[in-house]
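Per the numbering used here, residue 84 is the first one in the sequence shown, and the count goes up by one each step. The beta carbon of each residue, even a glycine, is placed where N, CA and C say it ideally should be. Heads up, the thing below is written out as structure tokens.
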Amino acid sequence: MAALDLAIDKLVTSSTGNLKDAKPLDARDFAIRALKDMGFSAVSIGNTAPADKAVLWWHKDVRTAKRYDAVLANWYPLTPNQHAMHLVHRVVKGAVTEINLEAGDLFVFWDVSLGEAKVISRESLMNALGAVRTITTNQGVKGGGSLAADRTLSLDVTGLTAKASPSPADEVAIYDVAGTTNKKITIAKMAEALAISDYLHSEMFFLGMM
């Protein structure tokens, strides 16, 4: 039997099963209808472009499958590459959202050197991208480690090296209540601010005793 030529061969259908009631049917119409009814592809059949731009459109008058091009904002006849893109689109649309990446999870990518689709694991992808997988902490900060787990960084005062003789120019961190932000101040400025505070406190105490 010769191969079916969808553009030339004609089929006949009969609602009664009797050949006398048979009607001709274009093989292309039959093929696209079979895809739709069997659930192999999301297809809209008609002469008016569908509102859902994620489906394939079988343009009945011209017997052509079309796909919506989001860049050119129009429907264009389907090519093999566009059909592949349509299938990928349907896979993405039908996939369940997942917010966690686990060891061994795979990602599909196009290998330009080999000219074919490949998969890569999460670990290999992170290595290829040079992702930072470990946080190293020191100088008074703790909580580092592998990013395979959540990490919480915090201040570790005991981890700091003590300075026996601080210099007035040395700086310490403070929280600016008015500015609601972290800032720095020299020991000299802090001592000056504390001295003024002590002076005012003494004056208020003296006035209170009078």
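Contact set for residue i: own chain, Cβ-Cβ below 8 Å, skip 5 residues either direction
i: T162; result: none
i: M168; result: R150
i: L283; result: Residue placement at L283 is poorly supported in this model, since its pLDDT is 47, which falls under 50; the coordinates still yield a value, given next. Result list for L283: empty, nothing under 8 Å.
i: R216; result: M209, S229, L230, A231
i: K93; result: P107, L108, D109, A110
i: A200; result: V191, F192, W193, D194
i: S250; result: I270
Strand pairing of residue i, partner residues [DSSP]
i: N157; result: D152
i: V202; result: V191
i: A256; result: K267
i: S207; result: Bridge partners of S207: none, in fact.
i: P107; result: V95
i: G227; result: According to DSSP, G227 bridges with nothing at all.
i: L238; result: V224
i: I218; result: G228
i: T180; result: The partner list for T180 (beta bridge, DSSP) is empty, contrary to what the question assumes.
i: T147; result: H142
Where the alpha helix (DSSP H) containing residue i begins and where it ends
i: A117; result: 110-120
i: A167; result: 163-177
Beta-carbon gap between residue i and residue j smaller than 8 Å
i: H329; j: A137; result: Residue numbering for the chain in the displayed model covers 84 to 293; residue 329 lies beyond these limits and cannot be assessed.
i: V224; j: L236; result: yes
i: I270; j: I257; result: no
i: L184; j: S204; result: no
i: A110; j: T96; result: no
i: G242; j: R234; result: no
Residues near residue i in its chain [Cβ-Cβ closer than 7 Å; skip 5 each side]
i: A132; result: W140, W158
i: V126; result: I115, L118, K119, V138, L139, W141
i: G129; result: K143
i: M292; result: Unreliable placement is indicated for M292, whose pLDDT of 47 sits below 50; the coordinate value is still reported in the next sentence. Contacts found: none.
i: I91; result: none
Nonlocal neighbours in the same chain, by C-beta distance under 6 Å from residue i, ignoring five residues either side
i: Q165; result: R150
i: E286; result: Because E286 carries a pLDDT of 49, less than 50, the predicted location of this residue cannot be relied on, and no value is offered for it.
i: L155; result: none
i: T99; result: none
i: L277; result: none
Span of the beta strand (DSSP E) around residue i
i: K93; result: 93-96
i: L139; result: 139-142
i: G129; result: 126-129
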